[in-house]
Amino acid sequence: MVRMLALALAVAFAAPATTVDAATNKFLKRSSQFDTCWMRAHDRALEKGADARKAARKADSRCKKQGLRMLKEGGSKYSLKDRRKALRRSSEY
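Numbering of the sequence shown is given in this note's numbering, commencing with residue 992 and proceeding in unit increments.
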């Protein structure tokens, strides 16, 4: 009886940890997909003759759906905002 109770407690505490890890992995996957989408869209807009600001806006709107998926997987709107800022800075150099 005590063994069954101990096993049940072990399973109960082990399950949320794997769920959190899976959510984190999904978030990381979505964020890397967002980064690549943003950079490709930004580069395409620059090739077509847009200035840096307009290219950034086009990239933001083009990858909006992937950003929303990233938020759904556990991000916040501030993390998405910071990621966009970092992408803009990295593309300037």
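Even for Gly, the Cβ is constructed at its ideal location relative to N, Cα and C.
What's the gap between the Cα of residue i and the Cα of residue j?
i       : j       : result
Ser1070 : Thr1015 : 14 Å
Ala1043 : Lys1017 : 30 Å
Arg1035 : Ala1050 : 9 Å
Gln1057 : Lys1063 : 10 Å
Lys1072 : Leu1059 : 12 Å
Lys1055 : Ser1023 : 14 Å
Arg1079 : Gly1065 : 23 Å
Leu1037 : Ala1077 : 18 Å
Which term fits residue i, buried or exposed, when burial requires 16 or more other beta carbons within 10 angstroms of its beta carbon?
i       : result
Met1048 : A quick correction: the sequence has Arg, not Met, at residue 1048. Exposed, since its Cβ has fewer than 16 Cβ neighbours within 10 Å.
Gly1040 : exposed
Ala1046 : buried
Would you please state the rounded distance, in angstroms, between the beta carbons of residue i and residue j? I believe it to be under 8 Å.
i       : j       : result
Arg1031 : Met1061 : Their Cβ separation, rounded to whole angstroms, is 16 Å, which puts Arg1031 and Met1061 out of contact at 8 Å.
At what residues does the alpha helix (DSSP H) containing residue i begin and finish?
i       : result
Ala1046 : 1043-1053
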